[in-house]
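Heads up: the protein sequence lines correspond to chains B and A, in order.
Residue numbering for the first sequence follows the numbering used here, beginning at 1 and increasing consecutively.
Residue numbering for the second sequence follows the numbering used here, beginning at 116 and increasing consecutively.
Backbone N, C-alpha and C fix where the C-beta goes; we use that ideal spot for every residue, glycine too.
The model shown is predicted, which means the values in this text are computed figures rather than measured ones.
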Amino acid sequence: AQSVTQLDSHVSVSEGTPVLLRCNYSSSYSPSLFWYVQHPNKGLQLLLKYTSAATLVKGINGFEAEFKKSETSFHLTKPSAHMSDAAEYFCVVSPYGGATNKLIFGTGTLLAVQP
Amino acid sequence: EPEVTQTPSHQVTQMGQEVILRCVPISNHLYFYWYRQILGQKVEFLVSFYNNEISEKSEIFDDQFSVERPDGSNFTLKIRSTKLEDSAMYFCASRGGDRGPQETQYFGPGTRLLVL
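#1: Please compile the residues from chain A whose C-beta is within a distance smaller than 9 Å of the C-beta of Phe74 of chain B.
#2: With distance defined between alpha-carbon atoms, name the residue in A:Glu168, A:Glu133, A:Phe176 nearest to Arg151 of chain A.
#3: Within the chosen definition, does the segment 146 to 164 of chain A reach the segment 194 to 213 of chain A through at least 3 CB pairs nearer than 8 Å?
#4: In terms of residue numbering, what span does the beta strand (DSSP E) encompassing Phe147 of chain A cover?
#5: Secondary structure at Asn189 of chain A, three-state DSSP: helix, strand or coil?
#6: Please list the residues of the segment 124 to 152 of chain A that have a C-beta atom closer than 8 Å to any C-beta atom in chain B, keeping them in chain order.
#7: Would you kindly report the start and end of the unbroken beta strand (DSSP E) that includes Asn24 of chain B?
#8: What does Lys193 of chain A touch in chain B if you count any residue whose Cβ is under 8 Å from its own?
#9: Taking the straight line between their C-alpha atoms, what separation do you get for Leu71 of chain A and His39 of chain B?
#10: Roughly how many angstroms separate the alpha carbons of Phe190 of chain A and Cys138 of chain A, rounded to a whole number?
#11: Please list, in chain order, all residues of the same chain as Asp201 of chain A whose beta carbon is under 7 Å from its beta carbon, the five residues on each side excluded.
#12: Using the C-alpha atoms, what's the distance from Leu21 of chain B back to Phe74 of chain B?
#13: Leaving out five residues before and five after Tyr25 of chain B in sequence, what residues of the same chain have Cβ atoms less than 8 Å from its Cβ?
#14: Nearest chain B C-beta to Gly211 of chain A closer than 9 Å, yes or no?
#15: Determine the contact status of Ala81 of chain B and Ser14 of chain B, defining contact as a CB-CB distance below 9 Å.
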């Protein structure tokens, strides 16, 4: 079965410092991987997605993620945190095969940004 | 930019009552989904819908749940007899065509359901 594990439930950084949110995946096949963000009282917004075209994926708001097959990881990074980045971040996998392409979510990482 | 909308944003109901959660997916999208997030837990897949029928459902999606696309624009989730454990945020999502798992699912803002 395919799944994702987010290694940190909470991450706190200072404004202007780098952000690293960790995600490991489990998949028998080459997966499709996503990062979604949820701001307070808002819906889920796609940050970026990995679709096997390139291992380094750039997303919105300066975020990027690198797919590392050898480490089964898809960590999310940003060079410099902004106060507006404070939100919950979900690593998501879409299983290979099947007609529905349901999404399987990780447990989420709550990012706090301190001034 | 087109977006998925959901109504109501909040719903409070008594246990045993029926509720209908409504979603308007992005126009010309073909695949529709419901997910839910119980407070403090992960987002879980409930059901997917394509070509006017359910294409996959999770173990959570029992006989108390049903989905419908009544008029070509709305996509509804009905819970026939709500239980306390149905209290959650319910998200609707849609995606466009048939490009498989790489295709982005667009989510609505959610309906927060509270069953008393």
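Per the coordinate set shown:
#1: In chain A, no part has a C-beta under 9 Å from the C-beta of Phe74 of chain B; the shortest such distance is about 14 Å.
#2: It is A:Phe176 whose Cα lies nearest to the Cα of Arg151 of chain A.
#3: The answer is yes - the segment 194 to 213 of chain A touches the segment 146 to 164 of chain A, with three or more Cβ pairs under 8 Å.
#4: Counting along the chain, the beta strand (DSSP E) containing Phe147 of chain A begins and ends at 146 to 152.
#5: Here Asn189 of chain A sits in coil by DSSP.
#6: Residues passing the 8 Å Cβ filter: Tyr146, Tyr148, Tyr150.
#7: Residue range 23 to 26 is occupied by the beta strand (DSSP E) that includes Asn24 of chain B.
#8: None at all; the shortest Cβ gap to chain B is about 20 Å.
#9: Residue 71 of chain A falls outside the range modelled here, since chain A spans only 116 to 231, and no answer is possible.
#10: If you take the alpha carbons of Phe190 of chain A and Cys138 of chain A, they lie about 5 Å apart.
#11: Non-local C-beta neighbours of Asp201 of chain A in its own chain, meaning closer than 7 Å and more than five positions away in sequence, comprise Ile194, Leu228, Val230, ordered along the chain.
#12: One C-alpha to the other measures close to 9 Å.
#13: Cβ within range, chain order: Gln2, Ser3, Val4, Thr5, Pro31, Leu33, Thr72, Ser73, Phe74, Cys91, Val93.
#14: The beta carbon of Gly211 of chain A sits no closer than 9 Å to any beta carbon of chain B.
#15: Closer than 9 Å, so yes.
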